[in-house]
Amino acid sequence: MSIESALVMVVEDDEAARLTTSITLERAGYRVLEAADCASARARFAEVRPDIVLLDVLLPDGDGFVLCREFLSQPRGRGLPIAMVTGLDDITSIHQAFESGAVDFITKPVSWGTLPFRIQFILRANQAINDASISEGKTRALLAGIPDIILRIDRDGHVIDMQVGTYVNEMEEWVVYDPATGEGHLPGPVYRILAPQIRRVFAGKGEQLVEFDWSQKALKPRTWEARVILREQDEAVMVIRDITQRKQQEAELRLWAKVFEGSNEAILITDSHLNIILVNKTYERITGYTEEEVLGVDTAKVGVKLHSHSFFRNLVHILKERGHWEGELTNQRKDGEKFPTWYSISQVLNSDGQPENYIAIFSDISERKKSRERIDFLAHHDSL
């Protein structure tokens, strides 16, 4: 909407006053929609939404205050600025106008010279309010989408205000209300944990971060992260996030790292194009290649490069069909020595069901093959 060319609905039963208002506003660049009574105003309003309404209080077929409330109760009337125009200037009428939802009160006789500027002021103020409401709505939507509980607290742990993200059901756990005063405060166990950090923040020690385990309802405690930030002299913001899943994932990663590096078998991980992205220490020991030497290298060009391209194409085909393959492959160390290995290769799919990684685990079976060959030899040859 351009304020300079806004559409103004003038609802006035006095024809002379209505005509003068229309001419004054049109000369100032506004577009005007006229109505002489409640019925015609309703009909016009149903056809088009004006940017502002100048509404007379006393109309031949109804009450302007009632019509004001009616307009504002409709979906298209939300946020619509309405200014009541009347010769009544008593306090009761003014209160009634604002209680009806009007944003301004213009008394008769109207000052025609200043009316366009009055309209401009009302429109600008209304636009600023709407912009602020939109901004607040976006902020609240953003806050509602984050996985955090945000509390404004004082130095004693009293909750001044709260904003929740996806953990709305958790609020009854985090805020305890005093039945006598109605004040909200942190639960005792939580405050005892966080009190040192709160004191440090208010003592000017800067932002504080702490992790702790706590749950009022769940059988197993959950792990939380609390970040306390000074907002004003007597007010701090506390951002609380459930990091239970993250801590579990970190523990799983640590376990996987121990298995990965502690394995007696060589492990290598590739991307979907079979380029190496990770190897363990046993791989380096068995092959003689360092991790830096093989990262990003096609597996068909290092180690098992002795096999043909058609072999690898067939191997990938089997992995896509079955997700797993096991078998013997001839490998080659960095120094050129060839040796037999037993491979177990698994395919890892992404969320779309497409190959994302391949994990290969292999071991040097040279000694095993030599032992088997020796046993076979003895079985088929007389010791004498």
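In this text, residue positions in the sequence shown follow the numbering used here: the first is 67, and each later residue adds one. Glycine residues also receive a C-beta, built at the ideal position from the N, C-alpha and C atoms.
With at least 16 other beta carbons inside 10 angstroms of its own, Asn346 counts as buried.
With a cutoff of 7 angstroms on beta-carbon distance, Asp308 and Leu340 are scored as not near each other. DSSP places Asn192 within a helical segment (H, G or I) once states are collapsed to three.
DSSP links Leu275 through a beta bridge to Arg293. For Gly393, no alpha helix (DSSP H) segment is defined; the enclosing uninterrupted segment is the beta strand (DSSP E) at 390-398. In terms of CA proximity to Thr336, Val382 leads the group Val382, Gly223, Ser88. The DSSP assignment places complete beta strand (DSSP E) segments of no fewer than 3 residues inside the segment 92-133 at 97-101, 118-122, in order along the chain.
Pro421 is bridged by DSSP to Leu415. Three or more Cβ pairs closer than 8 angstroms define a contact, and the segment 349-359 falls short of that threshold against the segment 373-389. Counting C-beta pairs with one atom in each stretch, the segment 315-333 and the segment 241-252 have fewer than three that are closer than 8 angstroms, which means they do not touch.
The segment 366-384 makes contact with the segment 395-407, as at least three CB pairs between them are under 8 angstroms.
With fewer than 16 other Cβ atoms from the protein chains shown falling within 10 Å of its own Cβ, Ile295 counts as exposed. Residue pairing by DSSP places Tyr243 opposite Gly250 in a beta bridge. Between the beta-carbon of Arg218 and that of Glu301 there is about 6 angstroms, and that keeps the pair under the 8 angstroms contact cut. The residues Arg218, Ile219, Asp220, Glu301, in chain order, have a CB closer than 7 angstroms to that of Ile226 in the same chain once the five nearest residues on each side in sequence are set aside. Just measuring C-alpha positions, the residue of Gln186, Gly270, Pro262 sitting nearest Gly95 is Gln186. For Thr152, the enclosing beta strand (DSSP E) stretches over residues 148-152.
A straight-line Cα-Cα distance of about 6 angstroms links Pro126 and Asp103. For the set Leu361, Leu138, Glu394, the Cα lying nearest the Cα of Phe377 is the one of Glu394. Assignment of Tyr349 by DSSP, reduced to helix, strand and coil, places it in the helix class.
Judged by beta-carbon spacing, Asp214 lies beyond the 7 angstroms limit of Val132, meaning their Cβ atoms are not closer than that value.
Buried is the label assigned to Pro147, since at least 16 other Cβ atoms lie within 10 Å of its Cβ.
When C-alpha distances from Ile69 are compared across Asp80, Gln193, Arg288, His161, the shortest belongs to Gln193. If you compare the alpha carbons of Glu422, Phe405, Thr407, Leu138 with that of Gln413, the shortest gap goes to Glu422. Leaving aside the five residues that flank Asp430 on each side, the residues in its chain whose CB is nearer than 7 angstroms to its CB run, in chain order, Ile352, Phe405, Thr407. Around Arg288, the same chain offers Asp279, Trp280, Ser281, Asp308, Thr310 as residues with beta carbons nearer than 8 angstroms, after the five sequence neighbours per side are excluded. Within the same chain, no Cβ atom closer than 7 angstroms to the Cβ of Ser139 is found once the five residues on either side in sequence are excluded. Just measuring C-alpha positions, the residue of Ser374, Arg379, Ile342, Tyr355 sitting nearest Leu361 is Ile342. DSSP lists Gly393, Phe428 as the bridge partner or partners of Tyr409. Counting the other CB atoms within 10 Å of its CB gives Pro116 a total of 16 or more, which places it among the buried residues. By the Cβ neighbour-count rule, Ala246 is exposed, with fewer than 16 other Cβ atoms within 10 Å of its own. No Cβ-Cβ contact shorter than 7 angstroms links Ile172 with Ala191.
Annotation for Val151: Leu120, Asp122, Ile172 place their beta carbon closer than 6 angstroms to its own, counting only its chain and skipping 5 residues before and after. The distance from the Cβ of Ala107 to that of Val77 is about 5 angstroms, consistent with a contact at the 8 angstroms cut-off. Looking from the CA of Met228, the closest CA among Ile427, Gly128, Arg379, Val303 belongs to Val303.
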